[in-house]
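Residue numbers (our numbering): 1364 to 1561. Take a look at the structure below.
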């Protein structure tokens, strides 16, 4: 299996690639904007494994929650990249990546500021997502900021699962999608203003 992952949901955005057991992770150049750094990081992640983009079995993008503009750039890039190559695209949420990196936690959370969090609880094989007060989260909650260095590995694990499901199942894997969309847990300012007018 040969795959590519794009994660622009974090301040330290990265591209990761894998070919069988070989893996590479390339963080975006911090001196460049996300839109300028994405092409270079993808190129370098593939080059580190001597992989051509045409050899890829699929591309996974982390769709959020996370940085608003960063997610939009990563999702748009992944959609265009996959459309141009006619290869499958997979949707990974930040919570799925955290869970792959640190399994068995009672809750996974992203600090949303003002003592609140975006949180996800493992529930019957899926993740139940909620907006919550940080003080209400259970002991043992894994916060994204505390496992950031483990997230590329978690994304590779989750992307491998998606590709294995695609190759071995007559049903489409849950992560497979025709078009990736950002995953926000709160409305943008424009959406909030529009809702107030109604």
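Built from N, CA and C at the ideal position, the CB exists for glycine as well. None of the values given here were measured: they were computed from a predicted structure.
Q) Is it true that the CB of residue 1505 sits closer than 8 Å to the CB of residue 1548? A) To locate residue 1548, count along the chain shown from 1; it is residue 185. To locate residue 1505, count along the chain shown from 1; it is residue 142. Going by C-beta atoms, residue 1548 is not nearer than 8 Å to residue 1505.
Q) When the Cα atoms are used, what is the spatial distance from residue 1503 to residue 1469? A) Within the chain shown, the letter at position 140 stands for residue 1503. Within the chain shown, the letter at position 106 stands for residue 1469. Using only the alpha carbons, I get a separation of about 6 Å.
(Q) I'd like to check one pair, residue 1408 with residue 1360: are the Cβ atoms closer than 8 Å? (A) Within the shown structure, residues of the chain are numbered from 1364 to 1561, placing residue 1360 beyond reach of any answer.
Q: Name the one or two DSSP bridge partners that residue 1388 has.
A: Sequence index remark: in the chain shown, residue 1388 carries index 25 (1-based). DSSP output for residue 1388 lists 1379 as bridge partner(s).
**Q.** C-beta atoms of residue 1523 and residue 1381 nearer than 8 Å
**A.** In the chain shown, counting from the first residue as 1, residue 1523 sits at position 160. In the chain shown, counting from the first residue as 1, residue 1381 sits at position 18. Yes, these two residues count as a Cβ contact at 8 Å.
Q) Measuring CA to CA, which of 1429, 1454, 1492 and 1399 is closest to residue 1541? A) On the chain shown, residue 1541 is found 178 positions in, with the first residue counted as 1. Closest in alpha carbon position to residue 1541, among 1429, 1454, 1492 and 1399, is 1454.
Q) Between which two residues does the beta strand (DSSP E) carrying residue 1425 extend? A) Taking the chain shown and counting its residues from 1, one reaches residue 1425 at position 62. In the DSSP annotation of this structure, the continuous segment of the beta strand (DSSP E) that includes residue 1425 starts and ends at 1421-1427.
Q.
Measuring alpha carbon to alpha carbon, tell me which residue in 1447, 1527, 1457 and 1561 is nearest residue 1371.
A. Counting from 1 along the chain shown, the entry for residue 1371 is found at position 8. Just measuring C-alpha positions, the residue of 1447, 1527, 1457 and 1561 sitting nearest residue 1371 is 1457.
**Q.** Residues near residue 1424 by beta carbon distance below 6 Å, same chain, minus five either side
**A.** Indexing the chain shown from 1 puts residue 1424 at position 61. Hits under 6 Å: 1369, 1437, 1438, 1441 and 1543.
(Q) Let me confirm a value: residue 1486 is counted as buried when at least 16 other C-beta atoms fall within 10 Å, else exposed. Which label applies? (A) Position 123 of the chain shown holds residue 1486. Its Cβ having fewer than 16 others within 10 Å, residue 1486 is exposed.
Q | DSSP state of residue 1489 mapped onto helix, strand, coil | A | Here residue 1489 corresponds to residue number 126 of the chain shown, with the count starting at 1. Annotated three-state conformation of residue 1489 is strand, per DSSP.
Q. Residue 1476 by DSSP, collapsed to three states: which one?
A. Locating residue 1476 in the chain shown gives position 113, counting from the first residue. In the displayed model, residue 1476 falls within a strand according to three-state DSSP.
Q: Give the secondary structure of residue 1456 by DSSP, where H, G and I count as helix, E and B as strand, and everything else as coil.
A: Indexing the chain shown from 1 puts residue 1456 at position 93. Note: residue 1456 maps to strand in three-state DSSP.
Q: Starting from the Cα of residue 1413, find the closest Cα among 1446, 1376, 1365 and 1521 and give me that residue.
A: Reading the chain shown from its first residue, position 50 is the one you call residue 1413. Among 1446, 1376, 1365 and 1521, the Cα nearest to that of residue 1413 belongs to 1365.
Q: Reducing DSSP to helix, strand and coil, say where residue 1407 ends up.
A: Residue numbering aside, residue 1407 sits at position 44 when the chain shown is read from its first letter. Here residue 1407 sits in helix by DSSP.
Q. Which residue comes first and which comes last in the beta strand (DSSP E) that contains residue 1369?
A. In the chain shown, the residue the question calls residue 1369 occupies position 6. Per DSSP, residue 1369 belongs to the beta strand (DSSP E) from 1365-1370.
Q: Evaluate residue 1397 with the Cβ neighbour count: other Cβ atoms within 10 Å of its Cβ, from every protein chain shown; 16 or more gives buried, anything less gives exposed.
A: Locating residue 1397 in the chain shown gives position 34, where the first residue counts as 1. Residue 1397 is buried by the Cβ-count criterion.
Q. Do residue 1426 and residue 1545 have their C-beta atoms within less than 8 Å of each other?
A. Taking the first residue of the chain shown as position 1, residue 1426 is located at position 63. Taking the first residue of the chain shown as position 1, residue 1545 is located at position 182. With contacts defined by Cβ atoms closer than 8 Å, residue 1426 and residue 1545 form a contacting pair.
(Q) When you compare the CB positions of residue 1391 and residue 1400, do they come within less than 8 Å of one another, or not? (A) Position 28 of the chain shown, counted from the first residue, corresponds to residue 1391. Position 37 of the chain shown, counted from the first residue, corresponds to residue 1400. Yes; because the gap between Cβ atoms is below 8 Å, this pair is in contact.
Q: Using the DSSP secondary-structure output, state which residues sit across from residue 1484 in a beta bridge.
A: For the purposes of this step, residue 1484 is taken as residue 121 along the chain shown, with counting starting at 1. Per DSSP, 1491.
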